[in-house]
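**Q**
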Amino acid sequence: MKVYLDNGGTTRVDDDIAKEMKVVMTKKYGNPSSVNSMGEESRDIVDDARKVVADSIGALAEEVIFTSGGTESNNLAITSLIGKKHIITSSIEHPSVKEMCKQLASEGYKISFVQPEKNGVIDPKKIEKEINDDTSLVTIMHVNNEIGTIQPIEEIGKICKERKINFHVDAVQSFTKVPIDISNVTSMSFSSHKIHGPKGVGALYFKKGKKVKRMLFGGHQERDLRAGTENVPGIHGFSLAVKKEQPVEEIKKLRDMLIDGILKEIPDTFLNGDKERICNNANITFKFIEGEGLLMHLDMKGISVSTGSACSSRSLEPSHVLLALGLKHEDAHGSIRFTLSKYTTEEEIIYTIKQVKSIVKKLREISPLGK
Ligand SMILES: Cc1ncc(COP(=O)(O)O)c(C=O)c1O
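Taking our numbering, the leading residue of the sequence shown gets 639, the next gets one more, and so forth.
1) Smallest Cα separation from residue 898: which of 686, 992, 956, 771?
2) Can you look up residue 666 in the DSSP assignment and give me helix, strand or coil?
3) Between which two residues does the alpha helix (DSSP H) containing residue 618 stretch?
4) Look at the alpha carbon of residue 933 and the alpha carbon of residue 927, and state the distance between them as a whole number of angstroms.
5) Residue 850 and residue 680: beta carbons closer than 7 Å?
6) So the candidates are 955, 1002, 739, 941; which of them puts its Cα closest to the Cα of residue 642?
7) Output yes or no for whether 7 Å exceeds the beta carbon distance between residue 982 and residue 892.
8) Looking at the structure shown, is residue 704 part of a helix, part of a strand, or coil, going by DSSP?
9) Measure the C-alpha to C-alpha separation of residue 684 and residue 678 and round it to an integer number of angstroms.
10) Got a sec: does ligand 1 put a non-hydrogen atom nearer than 6 Å to the Cβ of residue 732?
11) Any heavy atom of ligand 1 inside 6 Å of the beta-carbon of residue 709?
12) What are the boundary residues of the alpha helix (DSSP H) that includes residue 970?
13) Can you give the Cα-Cα distance for residue 986 and residue 659, rounded to whole angstroms?
14) Taking the CB atoms as reference points, tell me whether residue 833 and residue 879 lie closer together than 7 Å.
15) Quick check: the Cα distance between residue 647 and residue 730, rounded to an integer number of angstroms?
16) So what's residue 904 in DSSP terms, helix, strand or just coil?
17) Can you name the start and end residues of the beta strand (DSSP E) that residue 724 belongs to?
18) Considering just the uninterrupted stretch of the alpha helix (DSSP H) at residue 776, what are its terminal residues?
19) Return the chain-ordered list of same chain residues with a C-beta closer than 6 Å to the C-beta of residue 704, the five sequence neighbours on each side being excluded.
20) To the nearest angstrom, how far is the alpha carbon of residue 797 from that of residue 766?
21) Considering only heavy atoms of ligand 1, does any lie closer than 6 Å to the CB of residue 718?
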């Protein structure tokens, strides 16, 4: 049996979307900048997609810029919103924010990395405490990609608004699964491949009146803000993914079944992050074993999981997110992220629990780590 439980890493493209994208690639392939009818047809596709994304978050179409995905959107937003020399972020951000902030630190910016509480939630009061006269930007993710915890972005947004500070939100994991409120937000990032759309496309919401700093120079695409011929099939596929409803309650039911099954049937396991989390995430520590070993054995049984975010899981460093929650190094190393999607079935969850149970038992018998 093949079981894909790495949907936090990326998702399978929805069949209908793939089909519609093919039509754009093979029949409606004009360049949106061309002044011919094929070009106009493509421009309409991009304009319609922009409206779909904007409507889905209650923004204006002109406030949406298409990008190559979440990483570019985060980089573009942060680069655009830094004025004065102090930035506030959390210690559990995705590398596309964390590494960007480290780069800015090397250029002389002062970065405050706020620690989450033990449940993975960031206390808005801690953000408020860090604000000073030099603060130009607060950047906090909506949902954490490793542990699925939902951050209080409404409260943080209110604080930023009162103090007249820019607030950027990385909403790559939450988009279409958790309600989004942009009222106190300056900018927000989205990615298509996390929601059954194609890879290499995403968007940045950027509040009207704020100035985007160009990172790419060339043609006049995206109102002069991002040069380069638009990824029309990708943008179209992304907009179709935005329109598809996520069966949040069904995914949550199966996710809870997975958590209950593992925690009840396997001793010395615990869930990382708050119980209140995004519908599709379960991050579990299995004491006395290495997560990589468990991952490989599950892989041999046809089950795909991950040990952290896809971007850092090839490094042998323990997850910076789990360490920030206060986990010991060996417990952080013994953790697995299971992320479900609308394609996950009950049969797959039953099979996964059974396989995890038997592999953990075997690995513990030969583990040098304890028990
Ligand atoms: C929270 C978060 N932000 C940003 C990204 C980067 O998105 P993309 O892969 O589209 O560049 C990811 C992808 O893993 C993510 O989970």
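Where is the CB? At the ideal position from N, CA and C, for every residue including glycine.
**A** Considering the structure as presented:
1) Of 686, 992, 956, 771, the residue nearest in Cα terms is 992.
2) Coil, per DSSP.
3) There is simply no residue 618 to check, as the chain begins at 639 and stops at 1009 in what is shown.
4) Cα to Cα, the separation comes out at about 11 Å.
5) A distance of 7 Å or more separates the beta carbons of residue 850 and residue 680.
6) Considering only alpha carbons, the answer is 941.
7) Judged by beta-carbon spacing, residue 892 lies within the 7 Å limit of residue 982, meaning their Cβ atoms are closer than that value.
8) Three-state result, residue 704: strand.
9) If you take the alpha carbons of residue 684 and residue 678, they lie about 10 Å apart.
10) Yes, the Cβ of residue 732 comes within 6 Å of a heavy atom of ligand 1.
11) Residue 709: yes, Cβ under 6 Å from ligand 1.
12) Counting along the chain, the alpha helix (DSSP H) containing residue 970 begins and ends at 967–971.
13) Here the C-alpha atom of residue 986 lies approximately 29 Å from the C-alpha atom of residue 659.
14) Yes, they are a contact pair.
15) Across the structure, residue 647 and residue 730 are spaced so that their CA atoms are roughly 16 Å apart.
16) When secondary structure is reduced to three states using DSSP, residue 904 falls in the coil class, being assigned neither helix nor strand.
17) 724–728 is the span of the beta strand (DSSP E), which, as asked, contains residue 724.
18) Where residue 776 is concerned, there is no enclosing alpha helix (DSSP H), although the beta strand (DSSP E) it sits in stretches over 773–779.
19) Annotation for residue 704: 841, 873 place their beta carbon closer than 6 Å to its own, counting only its chain and skipping 5 residues before and after.
20) When rounded, the distance between both Cα atoms is 7 Å.
21) Ligand 1 has no heavy atom closer than 6 Å to the beta-carbon of residue 718.
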